[in-house]
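Engineer: Here you go, one structure.
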Amino acid sequence: MKERTQRVLTRFLTVNTFLTCEDLSKEFNISERTFRNELVLINKYLEENNYPSITTTRGKGLKLELSEMDREKLLSKIGDDRETDYYRPNERFLALLLDIADTTKTTLLFEMEEKLQVSKSTLDEDMRKLRQFLKEYGISVVSLTKQGIVLKGDERSIRTMLYDVINSMTDIANLLGYRDIDAVNTFADRFVLDYLDTSALRVIGEHYDDVFEKSRVEINHVYRNQSILFLGIWVRRLQEGNTLRELAKVRAEIREDPVRNFVDSICIEFGLYPSLNEIKYTTFTIESFNPKDMNNSFDWVTAQLLAIQLIEHVEKVTRIPFSQREEDLYEGLYKHITGLLSRAKNDLQVFNPLKDTIKESYAEIYQAVTYFSKQIEDYIKKPLSEDEIGFLTVYFSTSASQIKQKEQYVYQAVVLCNHGISTGKLLAANLKEQFNIEIVAVLSSYELAFIDKLDVDLVFTTISIDYPRKPVLLLNPILRESDKKEIKDFLLKNKNKRRIVSNKLDATKLMQDILMLIVESGGKVTQESYHKVEDTFKEHHLKINTREIQPMLQDILRDSNILLKQECKDWKEAITKSAQVLLTEEVIEERYIDAMIKSVEEYGPYIVVGKHLALAHARPEDGVNKLGVSVMTLKEPVNFGNPDNDPVKIVFCLAAVDSYSHLNVMKNLIELINDEEKLDQLITAQNINMFKQVLYGSEVME
Numbered sequence: 167m168k169e170r171t172q173r174v175l176t177r178f179l180t181v182n183t184f185l186t187c188e189d190l191s192k193e194f195n196i197s198e199r200t201f202r203n204e205l206v207l208i209n210k211y212l213e214e215n216n217y218p219s220i221t222t223t224r225g226k227g228l229k230l231e232l233s234e235m236d237r238e239k240l241l242s243k244i245g246d247d248r249e250t251d252y253y254r255p256n257e258r259f260l261a262l263l264l265d266i267a268d269t270t271k272t273t274l275l276f277e278m279e280e281k282l283q284v285s286k287s288t289l290d291e292d293m294r295k296l297r298q299f300l301k302e303y304g305i306s307v308v309s310l311t312k313q314g315i316v317l318k319g320d321e322r323s324i325r326t327m328l329y330d331v332i333n334s335m336t337d338i339a340n341l342l343g344y345r346d347i348d349a350v351n352t353f354a355d356r357f358v359l360d361y362l363d364t365s366a367l368r369v370i371g372e373h374y375d376d377v378f379e380k381s382r383v384e385i386n387h388v389y390r391n392q393s394i395l396f397l398g399i400w401v402r403r404l405q406e407g408n409t410l411r412e413l414a415k416v417r418a419e420i421r422e423d424p425v426r427n428f429v430d431s432i433c434i435e436f437g438l439y440p441s442l443n444e445i446k447y448t449t450f451t452i453e454s455f456n457p458k459d460m461n462n463s464f465d466w467v468t469a470q471l472l473a474i475q476l477i478e479h480v481e482k483v484t485r486i487p488f489s490q491r492e493e494d495l496y497e498g499l500y501k502h503i504t505g506l507l508s509r510a511k512n513d514l515q516v517f518n519p520l521k522d523t524i525k526e527s528y529a530e531i532y533q534a535v536t537y538f539s540k541q542i543e544d545y546i547k548k549p550l551s552e553d554e555i556g557f558l559t560v561y562f563s564t565s566a567s568q569i570k571q572k573e574q575y576v577y578q579a580v581v582l583c584n585h586g587i588s589t590g591k592l593l594a595a596n597l598k599e600q601f602n603i604e605i606v607a608v609l610s611s612y613e614l615a616f617i618d619k620l621d622v623d624l625v626f627t628t629i630s631i632d633y634p635r636k637p638v639l640l641l642n643p644i645l646r647e648s649d650k651k652e653i654k655d656f657l658l659k660n661k662n663k664r665r666i667v668s669n670k671l672d673a674t675k676l677m678q679d680i681l682m683l684i685v686e687s688g689g690k691v692t693q694e695s696y697h698k699v700e701d702t703f704k705e706h707h708l709k710i711n712t713r714e715i716q717p718m719l720q721d722i723l724r725d726s727n728i729l730l731k732q733e734c735k736d737w738k739e740a741i742t743k744s745a746q747v748l749l750t751e752e753v754i755e756e757r758y759i760d761a762m763i764k765s766v767e768e769y770g771p772y773i774v775v776g777k778h779l780a781l782a783h784a785r786p787e788d789g790v791n792k793l794g795v796s797v798m799t800l801k802e803p804v805n806f807g808n809p810d811n812d813p814v815k816i817v818f819c820l821a822a823v824d825s826y827s828h829l830n831v832m833k834n835l836i837e838l839i840n841d842e843e844k845l846d847q848l849i850t851a852q853n854i855n856m857f858k859q860v861l862y863g864s865e866v867m868e
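167 is the number of the first residue of the sequence shown in my numbering; add one for each residue after it.
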């Protein structure tokens, strides 16, 4: 049975409701005509094996009527029915590549002909395609007398290539789920696990979970799987003696944190003694797979600017009021973009197994994100992959579903999903919005035991599980029409599980209303009174969005911190002079100025965030005592080394104490970046009053 035919039949065997030809043709990315041909083959197979055929019911769709026992028998049978006397072209490609990449043995082409069961001409064509593919990575294939066929190229490029190929040809979640090589049911998975070793991947996964759980870091299972794959390749290449050239500079700091501890544990486990360069490279790469806070990234400000602008853009295009869910949406986007920027700088891309489904199911949001991606590409200087666009789309899709939700829920359930936290949350949001289901938690298969500790009645899962204690429904991560029909039937079958849950209180809105009443009654909301109200809410266990009331630029930019028409001989002096007033006021320490200069020297002029505008900054732990901002216009422009936005004519200096308290300040700066006329007026302002009138939105007085 062909692989696609097998997958279509498996779909019918895993549902108990009607499926339509239209839905399934979209799901398998084939025409309805091709799907009907598959249906003929499936019914022929069923007839030959004495099973009933798939039948059509007018107005409902297609269905395969079988007992649960017959379904299980047939599912186990079709996995063994594939012809095994030949390899498909993509399987030969993978087998050939991994055999050549394995430097512990000699690869000879005449032996590969026999191993892959192909003629010399077929293998010659396979080698031609392989060489063409490797060329994109700057890698060549050469024949050496004693070593046979080998890869020649930069070691980092070889690792990246192997990572990309394995990601594109296997499902990493499934790959890491095998406990034994004998259980592997596809040739591609078998080739990869022969190369990387099932037990090695399992050990890496165990170390990952142990280190990050102890550190109380939220585990995103998409990033987890990507990290394990990357480490599996890294360990294998190091064991074979393939290391990075010491001349290749790796720009990364090594700190004591969960990622460094994880890498150290892998080195101890496998008896590896890598160079400092290797440790830096690997630590930096693993960090790029994990959403992280500003303290771990030099370009956290860029990530914040991009996240804020992306929200504004998608809201404008789709007219969905994302600002209603800005706190959670911003936090997810900001952390993902921080990792995205790190991956781009390290020539790595996270793989998104659901990108095609996301692109189809959330077309409007996907297109809006795609349009904005040009701004991200301008910063990273390379195209943004559809995988990354898909992930960014999921954050918006989840937020959009939450915006539409009703506040009354009648079912209580848990979601199991191995496709990542954001995808699991999206499924949860859709279940909540469309079916009045309260999702208590989003878990992975590794957390199956937690279900017993939760007050839930139903389990929705995207992975097959054996859990007899509660009703379970297997779904696609992105809901299709067929899934929705199954959910309706499932809920009807379990209608005795319904509960009445009281409406949730919007504590943030309540607090804002109280503060407004104070003002309207003639009172004044001071910082002290605000904190007293906030503490009262916390005492009563009312959760509020403490980041919603944030200072505006005019709240923290003092007149003494506005410097006009200053003379500076170079960019270093521009940074130093703009920060001097903050140093005088003890907003920052001397070392913060040094950190800002050092950061530009190491990473380049990334602080030039707009045309003629620089935003000088470093990390909070580099010497910030409290939130502060200063601004300086230059009498003569200064070059920072940014070919797109030089020369710089105005410099803002930001001292941030955390990731959020300065976000309204950032929004003010984005307005300047997008308004060249206003920026020109600021640059030419002759006095502080005129500068403030332009900056805060008033008309410039003659």
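Don't be surprised by glycine CBs; every beta carbon is placed ideally from N, CA and C.
Check Lys318 in the structure and name its three-state DSSP category.
Structural biologist: Three-state DSSP puts Lys318 in a strand.
Engineer: How many whole angstroms separate the CB atoms of Val128 and Ala594, which I take to be in contact at a CB cut-off of 8 Å?
Structural biologist: In the structure as shown, the chain begins at 167 and stops at 868. Residue 128 is therefore absent and cannot be evaluated.
Engineer: Count the C-beta pairs between the region 728–741 and the region 697–708 that are closer than 8 Å, then say yes if the count reaches three, no if not.
Structural biologist: In short, these stretches do not touch, since the Cβ pair count stays below three.
Engineer: Is it right to say Arg199 is buried, meaning 16 or more other beta carbons lie within 10 angstroms of its own, or is it exposed?
Structural biologist: Exposed is the call here.
Engineer: Quick one: measure Cβ to Cβ for His778 and Asn811, integer angstroms, because I've assumed they're closer than 8 Å.
Structural biologist: That pair is a contact at about 7 Å.
Engineer: Express the C-alpha separation of Gln298 and Val331 in angstroms, rounding to a whole number.
Structural biologist: Cα to Cα, Val331 sits roughly 14 Å from Gln298.
Engineer: Tell me the residue span of the alpha helix (DSSP H) that contains Glu802.
Structural biologist: From DSSP, Glu802 is part of no alpha helix (DSSP H) but of the beta strand (DSSP E) over Gly794 to Val804.
Engineer: Using alpha carbons as the reference points, say which of Tyr528, Thr222, Leu820 and Ser695 lies closest to Ser744.
Structural biologist: Among Tyr528, Thr222, Leu820 and Ser695, the Cα nearest to that of Ser744 is on Leu820.
Engineer: Would you kindly report the start and end of the unbroken beta strand (DSSP E) that includes Ala615?
Structural biologist: From DSSP, Ala615 is part of no beta strand (DSSP E); its letter is neither H nor E.
Engineer: Identify every residue that forms a DSSP beta bridge with Tyr870.
Structural biologist: The structure shown does not extend to residue 870, since the chain is modelled only from 167 to 868, so the question has no answer here.
Engineer: With a CB to CB cut of under 8 Å and the five nearest residues on each side skipped, what residues in its chain are close to Gly371?
Structural biologist: Leu342, Arg390 and Ile394.
Engineer: Quick check on the burial criterion: 16 or more other C-beta atoms within 10 angstroms. Buried or exposed for Ala339?
Structural biologist: Result: buried.
Engineer: Going by other Cβ atoms of all chains shown within 10 Å of its Cβ, with 16 needed for buried, is Val308 buried or exposed?
Structural biologist: Looking at its Cβ environment, which holds fewer than 16 other Cβ atoms inside 10 Å, Val308 is exposed.
Engineer: Mind checking which residues open and close the alpha helix (DSSP H) that includes Ala822?
Structural biologist: Where Ala822 is concerned, there is no enclosing alpha helix (DSSP H), given that its DSSP letter is neither H nor E.
Engineer: Would you tell me roughly how many angstroms separate the C-alpha atoms of Arg322 and Pro717, rounded to the nearest one?
Structural biologist: Whole-angstrom Cα-Cα distance: 45 Å.
Engineer: Go ahead and pull the three-state DSSP assignment for Ser687.
Structural biologist: Coil.
Engineer: Could you tell me which residues DSSP pairs with Leu609 in its beta bridges?
Structural biologist: Partner(s): Leu582.
Engineer: Anyone know if the C-beta pair for Phe818 and Val804 falls short of 7 Å?
Structural biologist: Cβ distance not < 7 Å, so Phe818 and Val804 don't count as in contact.
Engineer: How big is the Cα-Cα spacing for Lys226 and Leu232?
Structural biologist: Their backbone Cα atoms lie some 18 Å apart in a straight line.
Engineer: What are the residues that DSSP puts in a beta bridge with Val638?
Structural biologist: Paired residue(s): Val625.
Engineer: Work out the CA separation of Val425 and Ile452 for me, nearest whole Å.
Structural biologist: Each residue's Cα considered, the two are about 7 Å apart.
Engineer: For Pro786, which option in Glu802, Asp430 and Arg757 has the closest C-alpha, if you only look at C-alpha atoms?
Structural biologist: The candidate whose alpha carbon is nearest that of Pro786 is Arg757.
Engineer: With a threshold of 7 Å on Cβ separation, who are the neighbours of Thr270 within its own chain once the five nearest residues in sequence on each side are excluded?
Structural biologist: Hits under 7 Å: Glu406.
Engineer: Between which two residues does the beta strand (DSSP E) containing Thr222 stretch?
Structural biologist: Looking at the DSSP string, the run of the beta strand (DSSP E) that includes Thr222 is Thr221 to Thr223.
Engineer: Determine the burial state of Ala473: buried for a count of at least 16 other Cβ atoms within 10 Å of its Cβ, exposed for fewer.
Structural biologist: Per the 10 Å Cβ criterion, buried.
Engineer: Tell me the DSSP secondary structure of Thr484 in three-state form.
Structural biologist: Three-state DSSP puts Thr484 in a helix.
Engineer: In the DSSP assignment, find the unbroken alpha helix (DSSP H) run with Lys833 in it and report its ends.
Structural biologist: Residues Leu829 to Ile839.
Engineer: Hey, quick one: how far does the beta strand (DSSP E) through Lys229 stretch, first residue to last?
Structural biologist: It spans Gly227 to Lys229 - the beta strand (DSSP E) in which Lys229 sits, taken as one unbroken run.
Engineer: Can you tell me which of Val814, Leu476, Thr409 and Leu793 puts its alpha carbon nearest to the alpha carbon of Tyr537?
Structural biologist: Here the closest residue by C-alpha is Leu476.
Engineer: Taking the C-alpha atoms as reference points, what is the distance between Met682 and Gly688?
Structural biologist: For Met682 and Gly688, the distance between alpha carbons rounds to 10 Å.
Engineer: What whole-angstrom Cβ distance do Asp189 and Tyr217 have, given they're in contact under 8 Å?
Structural biologist: The Cβ separation is near 23 Å, so there is no contact.
Engineer: What does the Cβ neighbour count give for Val206, buried or exposed, with the cut at 16 atoms within 10 Å?
Structural biologist: Label assigned to Val206: exposed.
Engineer: Nearest to Asn166 by alpha carbon, out of Asp788, Gln720 and Ala566?
Structural biologist: The shown model of the chain, from 167 to 868, leaves out residue 166, and the question about it has no answer.
Engineer: Beta-carbon separation of Pro771 and Gly794 under 7 Å?
Structural biologist: Contact: no.
Engineer: Roughly how many whole angstroms lie between the Cα atoms of Leu645 and Thr628?
Structural biologist: Each residue's Cα considered, the two are about 10 Å apart.
Engineer: Leaving out five residues before and five after Ala267 in sequence, what residues of the same chain have Cβ atoms less than 8 Å from its Cβ?
Structural biologist: Excluding sequence neighbours, Ala267 sits near Leu317, Ile324, Leu328 and Tyr361.
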